[in-house]
Amino acid sequence: MVTKLPLLWEKKMVSLLEDLGLQDVDGARGEKFQLGGHQIDACGGFGEFLLVIECKTHQELKKTTVRAVINEMRGKRAAINSGARRDTTYQKYNRFFHMLIGQNYQFTIADRAHALTTPKIILRDDSFHDYY
14 MVTKLPLLWE KKMVSLLEDL GLQDVDGARG EKFQLGGHQI DACGGFGEFL
64 LVIECKTHQE LKKTTVRAVI NEMRGKRAAI NSGARRDTTY QKYNRFFHML
114 IGQNYQFTIA DRAHALTTPK IILRDDSFHD YY
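FYI, the working numbering numbers position 33 of the sequence shown as 46, with every residue one higher than the one before it.
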């Protein structure tokens, strides 16, 4: 079940990607948009790169640990990348970046250090959205 607040956050990210001029932007459709069998909150391409974004609200991040979310993203990463390579829209992208963006959440130094280990997950808070 998709609750309203997380879906609105995903829609803001999709809108941002469109405003930034990324190509093949999609997301904010709940379970209806998947790559490799996993729901995608937002994604968009530029050049040879596809940016895949996991959107989490403050409430969602407080229910678990950021480390757990990062580990879950790492676990899905290969399947998502493989699914994108098989998808007619996304098969042209051969490099993938995965980002966790938190709404009203400040990532700790420990969160950032964990995200930097391989495979890397980019962490951004909502100032990323506000900046653009």
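In this text, a Cβ means the ideal position worked out from N, Cα and C, and glycines have one as well.
Asked: I'd like the span of the alpha helix (DSSP H) that includes E23, first residue to last.; Found: 17-32
Asked: Look up V65 in the DSSP assignment and give the residues it is bridged to.; Found: C56, H111
Asked: Report the rounded CA-to-CA distance for H127 versus D32, giving the unit in angstroms.; Found: 30 Å
Asked: Using 10 angstroms around the beta-carbon of K45, count the other beta-carbons present and answer buried if the total reaches 16, otherwise exposed.; Found: exposed
Asked: Rounded to whole angstroms, how far is the Cβ of E67 from the Cβ of L113, which I believe are closer than 8 Å?; Found: 5 Å
Asked: Determine whether the beta carbon atoms of H51 and I93 lie at a separation below 9 Å.; Found: yes
Asked: Here's a check: name, in chain order, each residue in its chain whose Cβ is nearer than 6 Å to the Cβ of D124, leaving out the five neighbours to either side.; Found: V79
Asked: Can you find a C-beta in chain C that's less than 9 Å from the C-beta of E61?; Found: In summary, chain C is missing from the structure at hand, where a single protein chain is found.
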